[in-house]
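Numbering (full-length UniProt numbering), first residue to last: 1 to 350.
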Amino acid sequence: MAHQGKTAFVTGVTGQDGAYLAELLLGHGYRVLGLRRGNSAHDLARLEWVGVLDDVELVSGDLGDENCLARLIRDHQPDEVYNLAAQSFVGSSWDSPFATSDTNAMGTLRLLDAVRSYSPHSKFYQASTSELFGEVRETPQNEMTPLNPRSPYGVSKAFGHYMTRNYRESFGLHASSGILFNHESPLRGLSFVTRKISAGLAQYKAGVGGPVSLGNLDAQRDWGYAKEYVEGMWLMLQQPEADDYVLGTGRLASVRDFCSATAQALEIDVDWSGEGIAEEGRDRSNGEVVFKVDPRFFRPAEVELLLADPSKAEQQLGWKAQTDYRELAVLMAEADIAAAGRAGTRVDSR
Ligand code: NDP
Ligand code: GDR
1 MAHQGKTAFV TGVTGQDGAY LAELLLGHGY RVLGLRRGNS AHDLARLEWV GVLDDVELVS
61 GDLGDENCLA RLIRDHQPDE VYNLAAQSFV GSSWDSPFAT SDTNAMGTLR LLDAVRSYSP
121 HSKFYQASTS ELFGEVRETP QNEMTPLNPR SPYGVSKAFG HYMTRNYRES FGLHASSGIL
181 FNHESPLRGL SFVTRKISAG LAQYKAGVGG PVSLGNLDAQ RDWGYAKEYV EGMWLMLQQP
241 EADDYVLGTG RLASVRDFCS ATAQALEIDV DWSGEGIAEE GRDRSNGEVV FKVDPRFFRP
301 AEVELLLADP SKAEQQLGWK AQTDYRELAV LMAEADIAAA GRAGTRVDSR
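Right, dumping it as structure tokens:
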């Protein structure tokens with residue numbers, strides 16, 4: 001396909017946000033180069049799902065390989081670089097802190113340095129996160145809130161965040177960080193709690209799965225719809241000056257609330273009882289346990305509450321989240337009930 005427009009280089013293109021961002025950029029007429037580290041058909045499923053697999057130009061590489069990143073940036077001179085690749089599961093970051101840090105911290109530096117050395121005109125987007133705030137001291141959180149990360153993932157992302165700012169200030173790169181609060185979709189990985197709930201409950205509803213085992217039901221998050229958030233990423237790179245922006249809905253819900261919203265979407269009437277690790281949710285229609293607590297899913301250090309103040313993005317980018325967590329639960333449940341019973345929808349063990 002001949003492209004008259006800009007070229008974007010997207011790391012993490014096989015992930016949830018990568019697929020939606022590729023769709024958005026192609027819609028704007030971009031040539032999209034996507035970094036792919038794997039070689040299985042499985043990792044292309046999301047690009048296929050959004051219908052862009054044939055339009056994204058996949059290039060092989062890894063954030064661990066600085067020569068490869070330098071070569072790709074030098075050869076393609078992209079107008080925009082979106083660094084979405086990461087070991088993005090907070091829970092695994094305690095098991096693999098070195099690999100998490102190498103990808104999320106050093107990988108970001110490798111890419112920033114390739115841009116600085118070989119294509120300094122490229123605009124750069126860094127996938128920063130509300131996990132930077134960790135154990136919060138003020139609520140809601142905005143761009144000025146002090147960082148206090150509470151997991152190896154959060155610490156690794158703090159390095160990437162500060163390095164992006166440092167390259168902006170030191171070398172004049174147009175490098176922006178999006179501090180994005182949790183955003184979900186039917187493309188969300190099966191380990192993350194919202195998708196674990198929607199896929200698990202859809203399997204229960206379809207008669208092919210048992211109860212959904214969860215950790216901390218009291219954790220509260222600001223959950224939005226991923227498809228809307230990639231628009232915010234793109235808008236950040238269309239600004240005359242690079243900057244940092246918080247994206248979120250400005251509304252809170254607990255893990256338990258998300259369970260109840262998903263159950264409602266699937267017309268399962270849940271009766272909650274018990275406390276702590278004895279808490280459970282039963283299907284009123286037959287008394288079967290549909291949600292239970294399993295201490296294996298508690299984290300060594302929990303982030304109890306994250307709530308965005310997205311007013312800067314609203315004022316400066318004209319960006320505003322549209323979908324709240326209940327609507328999100330409905331659209332995820334609908335996608336998972338359609339898929340339930342088909343291969344490849346089993347809920348991960350963690
Ligand atoms: P996913 O986990 O769905 O996608 C991560 C992507 O990174 C995958 O394409 C994965 O490839 C790729 N990747 C992992 N390690 C490497 C590596 N060493 N080299 C190259 N590619 C690699 O994440 P999301 O789409 O949900 O998130 C996108 C980004 O935004 C991440 O950086 C995440 O930390 C951050 N973020 C996400 C939020 C959310 O709520 N979704 C909120 C805030 C920030 P493969 O397919 O091979 O595994
Ligand atoms: P998070 O998302 O850690 O916020 O990181 P996740 O969905 O994993 O957890 C959210 C909250 O739910 C609690 N929880 C469980 N979590 C999982 N995964 N599995 C469970 O069984 C479970 N039970 C309760 C967690 O303890 C937590 O409090 C996501 C990722 O996308 C990051 O990459 C991103 O940076 C942040 O969102 C913003």
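Positions of the beta carbon are idealized from the N, C-alpha and C atoms, including for glycine.
Using a Cβ-Cβ cutoff of less than 6 Å, which residues in the same chain neighbour ARG46 once the five nearest sequence positions on both sides are dropped?
Here the set comprises ALA19 and LEU187.
In the structure shown, what three-state DSSP assignment does ILE268 receive?
Reduced to three states, the DSSP call for ILE268 is coil.
Excluding the 5 residues preceding and the 5 following LEU305 in the sequence, name in chain order all residues of the same chain whose CB lies nearer than 6 Å to its CB.
For LEU305, where only same-chain residues beyond five positions count, the Cβ hits under 6 Å are GLN220.
Please identify the residue among PHE89, LEU69 and ASN39 whose C-alpha is closest to the C-alpha of VAL81.
For VAL81, the nearest C-alpha among the options comes from LEU69.
Whole angstroms are fine: how far does the CA of ALA105 sit from the CA of PHE159?
In a straight line, the C-alpha of PHE159 is about 5 Å away from that of ALA105.
Among LEU328, GLN16 and ASN83, which one has its Cα closest to the Cα of residue 411?
Outside the shown range of the chain (1 to 350) lies residue 411, about which nothing can therefore be said.
Secondary structure at PHE192, three-state DSSP: helix, strand or coil?
Coil at PHE192, not helix or strand.
Does the Cβ of ALA85 lie closer than 7 Å to at least one heavy atom of the ligand NDP?
Within the cutoff, so yes.
DSSP three-state call for THR100: helix, strand or coil?
Note: THR100 maps to helix in three-state DSSP.
Once the 5 residues before and after ASP348 are set aside, which same chain residues still bring their CB inside 6 Å of it?
At ASP348 the pLDDT is 44, less than 50, meaning the model places this residue with poor confidence; the figure from the coordinates comes in the next sentence. Taken in chain order, the residues that qualify are LEU190 and SER191.
Is it true that the region 105-122 meets the region 140-154, where meeting means three or more beta-carbon pairs spaced less than 8 Å apart?
The answer is no - the region 140-154 does not touch the region 105-122, with fewer than three Cβ pairs under 8 Å.
Report back the beta-carbon spacing between GLY154 and GLU131 to the nearest angstrom; my notes put them in contact at under 8 Å.
Correct: roughly 4 Å between the Cβ atoms.
Nearer than 7 Å: is that true of the beta carbon of ASP62 relative to any heavy atom of the ligand NDP?
Indeed, a heavy atom of the ligand NDP lies less than 7 Å from the Cβ.
From LEU180 to VAL303, what distance separates their C-alpha atoms?
About 15 Å.
Under three-state DSSP, which class holds GLN16?
Helix, per DSSP.
For the region 247-254 against the region 271-287, are there 3 or more C-beta pairs whose distance is under 8 Å?
Segments in contact, no.
Tell me ASN83's beta-bridge partners as DSSP assigns them.
Bridge partners of ASN83: THR11 and GLN126.
Would you say LEU328 lies against chain B (beta-carbon separation less than 8 Å)?
The chain inventory of the structure shown lacks chain B, comprising one protein chain alone.
Report the start-end ranges of each alpha helix (DSSP H) in the region 106-182 that is 4 residues or longer and not cut off at the edges.
Fully enclosed alpha helix (DSSP H) runs of 4 or longer: 107-118 and 152-171.
Can you list, in chain order, the stretches of the alpha helix (DSSP H) that have 4 or more residues and sit fully within the region 26-83?
Whole alpha helix (DSSP H) segments, 4+ residues: 45-50 and 66-76.
When you compare the CB positions of ALA127 and LEU84, do they come within less than 8 Å of one another, or not?
Their beta carbons are under 8 Å apart, which means ALA127 touches LEU84 by this criterion.
Evaluate the contact criterion for the region 86-93 versus the region 22-37: three or more CB pairs, one atom per stretch, below 8 Å.
Verdict: no, contact absent.
Are the CB atoms of residue 394 and PHE124 nearer to each other than 8 Å?
The first residue shown for the chain is 1 and the last is 350, placing residue 394 beyond what the model contains.
Kindly indicate the opening and closing residues of the alpha helix (DSSP H) around ASP244.
ASP244 -> not in any alpha helix (DSSP H); beta strand (DSSP E) instead, spanning 244-247.
Using DSSP with H/G/I as helix, E/B as strand and the rest coil, what is GLY281?
Strand, per DSSP.
What does the alpha-carbon distance come out to for the pair ARG299 and HIS42?
Each residue's alpha carbon lies about 28 Å from the other.
DSSP three-state call for ALA253: helix, strand or coil?
Here ALA253 sits in strand by DSSP.
Tell me whether the beta-carbon of TYR204 lies closer than 8 Å to the beta-carbon of PHE258.
No.
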